[in-house]
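Just so we're aligned: the sequence shown equals residues -16 to 45 in the working numbering.
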Amino acid sequence: PCRWMDAAVAAGALKFLKGRGGLRCQVLRSGVIRKGAAQLITEAQFDQKEILQPLPRPNLPG
-16 PCRWMDAAVA AGALKFLKGR GGLRCQVLRS GVIRKGAAQL ITEAQFDQKE ILQPLPRPNL
44 PG
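This is the structure we're talking about:
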């Protein structure tokens, strides 16, 4: 993620997405991205507390 996310998505987006691989999505149709409550439509089961935890930093060379 980069600072552009704060301007394009919402203030705090960079901080929220840091360590989580950024924002990844598949565009299904054209439209407008708006600030507001997230909507997730899925049949998959998940633990919301678990997915909001920071991911461990990778051990990169150098």
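All residues carry an ideal CB built from backbone N, CA and C; glycine is no exception.
All figures in this text were calculated on a predicted structure; none of them were measured in a lab.
Assigned exposure category for residue i - 16 Cβ within 10 Å defines buried
{"i": "ALA21", "result": "exposed"}
{"i": "ALA27", "result": "exposed"}
Beta carbon of residue i nearer than 8 angstroms to that of residue j
{"i": "LEU38", "j": "ARG3", "result": "yes"}
{"i": "LYS18", "j": "ALA(-7)", "result": "yes"}
{"i": "LEU0", "j": "ARG(-14)", "result": "no"}
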